[in-house]
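Residue numbers (this note's numbering), protein chains in the order written: chain A, 63 to 327; chain B, 518 to 788.
Encoded as structure tokens, the structure appears first; notes follow it.
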Amino acid sequence: MRHVGALAGRELRSLFVSPVAWVVLALWSLLAGFFFLSQWMQFEADVLRLQQVGAFVELRALNLNDDLLVPFFGAMWVVLLFAIPGISMGLLASEKANRTEELLLTTPISISEIVLGKYLAGAAFASAMVAIVAFYPGLLFVYGDPEWGKTLSGLLGLWAVSLSYVAVGLFASSLTRNLLVAFFVSLGLLMSLLMLPLLAELGASGPAFSSGDAAAEILRWLSTAEHFERMAMGWIDTSDLFYFVAFPAVFLILARTSIESSRWR
Amino acid sequence: MRHAPYHPARPMDGSAPEASEVPAVEARGLSKRYADHSAVEDLSFAIYPGEVVGLLGPNGAGKTTTMRMLTGYLPPTEGSIAIAGFDIFEDPIEARRRVGYLPESPPVYPEMRVEGYLRFVATLRDVPRRSRREAVAKAIARCGLEAVRRRAIGSLSRGFRQRVGLAQAIVADPPVLVLDEPTVGLDPLQVREIRTLVTGLAKGGATRGPTVLLSTHILREVEALCQRVILIDRGRLALDAPIAEVTAGGRSLEDVFAEVTASDVEAERGR
């Protein structure tokens, strides 16, 4: 495992030499600013409206966490859906396109080390993205008093989602030598994972799942959405934490298997 | 015509390797089959420490596939490979540790600088941290890369990129070097430089140099560099003998090459 650091470091340096990383970071920051601003304006408009009509009970219920940060984190989660595949698409596919895969697979390092090194590089980048998002709630703490616990829980949720998405993207990147294919495969996978609860609801009303809700429950559990939403609301449950450890682990193992098997074809 | 495989007991330009020595590279019954064709079929040979061997054959004979199997990049369909006694399947890490490999196209990251790239490869190849700088400097000096050490590899000419590929193969000072067409696509001057480099490598310094297996389809290159030739044709071993023996009696390597290939064409016709 001693090569993981060298692999991750090289990958990160290469990411920052390529324009892709900078474009993703720039767009990400821009969208974070845009969504924060629009949520904040919405919040202010709500406050004004409730004051004008004198709805003091509703006004008291309005708070920075539930009515500003939760929708803000939700919007950034949707952006993650597109941003992470942009970063992860090259992790393994570019090694194939570049023919440097032949170098990695003939040096005395294991495939697990390659997968972990690549994952760490992508995870570090995703963490930087979440850190940029964390700047905006930070502003709220300067001018207002949102709840610490709820804010951190939401950020933790966003971070966990981004790390899971990197693992999915890494797996997609292991399947092909074409960066665009890797991008769309990971986007497709992430979208399908989002659709799972929808599928569960469709199924629950149809004949397929009519007998038991167990299958629907499993589909719902498998989806990232449920777990993220709970964390954004400020619930940290061991079941959710377990999900965010098991989920990337499964995709890392898949990526490892995919590299291993591609050599036999 | 099928030649008897080379055996170290046979004298070879005066300095025959000892029969008891563990081969640096040993391939036994190597085959690589794909769904619709067979790239390499039942290939066996042994290369002994310090030998410089040329792997010859027409285009598509299976040279690259053979080298990819020897370096552990492609698993063979059948057969076994041992590097200095380490099986490439059972002990892949130990086996790969002993092989420096220059693939068909140099495996370089265009955005990296020459020095940083070599340091990266040295790290992957377990050169200890304290001697890494020295190992990189040595590889740069041996491959004549001093002038471009801080340049991005992508901005280098093809000849220099090939040198970087070679530097990458030797940076950890492995006992075995596998070089896949080290001079392909280079101009005559660059070809000469790479050849000088390979000869210099093989001679080593005070100690015995590395075992070298290099593939090419340039016959003069083999005559200039190697003591022994392994000729493969359509995936099968066609000849394995010391150069001195092949060219005995005034025959050129080209005659032998043509003879083996021609006999194959006849075999095809006779089928």
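Here a beta-carbon is modelled for each residue, glycine too, at the ideal position from N, C-alpha and C.
Outcome for residue i when other beta-carbon atoms lying within 10 angstroms are tallied against a minimum of 16
i: residue 700 of chain B; result: buried
i: residue 696 of chain B; result: buried
i: residue 170 of chain A; result: buried
i: residue 590 of chain B; result: buried
i: residue 127 of chain A; result: buried
i: residue 551 of chain B; result: exposed
i: residue 308 of chain A; result: exposed
i: residue 248 of chain A; result: buried
i: residue 766 of chain B; result: exposed
i: residue 298 of chain A; result: exposed
i: residue 242 of chain A; result: exposed
i: residue 279 of chain A; result: exposed
i: residue 526 of chain B; result: Caution is warranted here: a pLDDT of 43 is assigned to residue 526 of chain B, below 50, making its placement in the model unreliable, and the coordinate value is therefore given only provisionally. Result: exposed.
i: residue 657 of chain B; result: buried
i: residue 642 of chain B; result: buried
i: residue 620 of chain B; result: buried
i: residue 293 of chain A; result: buried
i: residue 162 of chain A; result: buried
Identified DSSP bridge partners for residue i
i: residue 555 of chain B; result: B/550
i: residue 697 of chain B; result: B/732
i: residue 323 of chain A; result: Paired residue(s): none; residue 323 of chain A is not in a bridge.
i: residue 563 of chain B; result: B/543
i: residue 135 of chain A; result: Answer by DSSP bridge pairing: none, since residue 135 of chain A is not bridged.
i: residue 595 of chain B; result: B/548
i: residue 653 of chain B; result: Per DSSP, none; premise fails for residue 653 of chain B.
i: residue 571 of chain B; result: B/731 and B/746
i: residue 616 of chain B; result: B/693
i: residue 756 of chain B; result: B/748
i: residue 630 of chain B; result: B/669
i: residue 604 of chain B; result: B/599
Proximal residues to residue i (C-beta, below 6 Å), its chain only, five neighbours per side dropped
i: residue 98 of chain A; result: 134 and 198
i: residue 585 of chain B; result: 591
i: residue 556 of chain B; result: 549, 579, 582 and 752
i: residue 773 of chain B; result: 763
i: residue 613 of chain B; result: 589
i: residue 185 of chain A; result: 225 and 228
i: residue 617 of chain B; result: 686, 687, 691 and 694
i: residue 179 of chain A; result: 66, 69 and 70
i: residue 148 of chain A; result: 86
i: residue 769 of chain B; result: none
i: residue 707 of chain B; result: 676
Residues that residue i contacts on chain B, provided the C-beta gap is smaller than 7 Å
i: residue 352 of chain A; result: An answer regarding residue 352 of chain A cannot be provided, because it is not within the stretch 63 to 327 covered by chain A.
i: residue 72 of chain A; result: 637
i: residue 79 of chain A; result: 628
Sequence-distant residues of the same chain with beta carbon closer than 7 Å to residue i, five excluded per side
i: residue 653 of chain B; result: 632, 635, 636, 639 and 688
i: residue 16 of chain A; result: No information on residue 16 of chain A is available, as it lies outside the stretch 63 to 327 that chain A covers here.
i: residue 251 of chain A; result: 230 and 234
i: residue 94 of chain A; result: 138, 194, 195 and 198
i: residue 220 of chain A; result: 135, 138, 139, 192 and 195
i: residue 539 of chain B; result: 601 and 602
i: residue 102 of chain A; result: 130
i: residue 698 of chain B; result: 621, 732 and 733
Proximal residues of chain B, C-beta to C-beta of residue i below 8 Å
i: residue 169 of chain A; result: 613, 638, 641 and 642
i: residue 76 of chain A; result: 626, 628 and 629
i: residue 177 of chain A; result: Chain B residues near residue 177 of chain A: none, gap ~15 Å exceeds 8 Å.
Interface partners of residue i on chain A, CB under 9 Å
i: residue 589 of chain B; result: 167 and 168
i: residue 592 of chain B; result: 325 and 326
i: residue 620 of chain B; result: 161, 164, 165 and 168
i: residue 610 of chain B; result: 170, 171 and 172
Contacts that residue i makes with chain B (C-beta to C-beta distance below 9 Å)
i: residue 160 of chain A; result: 624, 625, 626 and 627
i: residue 289 of chain A; result: Chain B residues near residue 289 of chain A: none, gap ~37 Å exceeds 9 Å.
Chain A residues whose Cβ lies nearer than 8 Å to that of residue i
i: residue 565 of chain B; result: By Cβ distance, chain A contributes nothing, its closest Cβ being about 22 Å from residue 565 of chain B, past 8 Å.
Neighbourhood of residue i by C-beta distance below 8 Å, restricted to the same chain and skipping five residues each side
i: residue 681 of chain B; result: 623, 625, 631, 634, 635, 660, 662, 670 and 673
i: residue 771 of chain B; result: 736
i: residue 491 of chain B; result: Residue 491 of chain B lies beyond the residue range present for chain B, which begins at 518 and ends at 788; the question has no answer from this structure.
Review point. If you pair each beta-carbon of the segment 558-569 of chain B with each one of the segment 728-741 of chain B, do three or more pairs fall below 8 Å?
Key: Judged by pairs of C-beta atoms under 8 Å, the segment 558-569 of chain B touches the segment 728-741 of chain B, as three or more such pairs exist.
Exercise for review: Take every Cβ of the segment 230-249 of chain A, pair it with every Cβ of the segment 152-168 of chain A, and state whether three or more of those distances are shorter than 8 Å.
Suggested key: Segments in contact, yes.
Exercise for review: Inspect the CB distances between the segment 189-197 of chain A and the segment 71-81 of chain A and report whether three or more fall short of 8 Å.
Suggested key: Taking 8 Å as the limit for Cβ pairs, the verdict is that the segment 71-81 of chain A does not touch the segment 189-197 of chain A.
Check your understanding: Should the segment 623-630 of chain B be called in touch with the segment 595-607 of chain B, which here means at least 3 C-beta pairs below 8 Å?
Key -> These segments do not touch.
Check your understanding: Are there three or more Cβ pairs, one per stretch, closer than 8 Å when the segment 245-261 of chain A is compared with the segment 275-294 of chain A?
Key -> Contact check between the segment 245-261 of chain A and the segment 275-294 of chain A: three or more CB pairs, one atom from each, fall below 8 Å, which counts as touching.
Practice item. Inspect the CB distances between the segment 674-689 of chain B and the segment 648-664 of chain B and report whether three or more fall short of 8 Å. Key: Judged by pairs of C-beta atoms under 8 Å, the segment 674-689 of chain B touches the segment 648-664 of chain B, as three or more such pairs exist.
Practice item. Check whether the segment 558-566 of chain B touches the segment 704-715 of chain B, taking contact to mean three or more Cβ pairs, one atom from each stretch, closer than 8 Å. Key: No, because fewer than three Cβ pairs between the segment 558-566 of chain B and the segment 704-715 of chain B fall closer than 8 Å, the two stretches do not touch.
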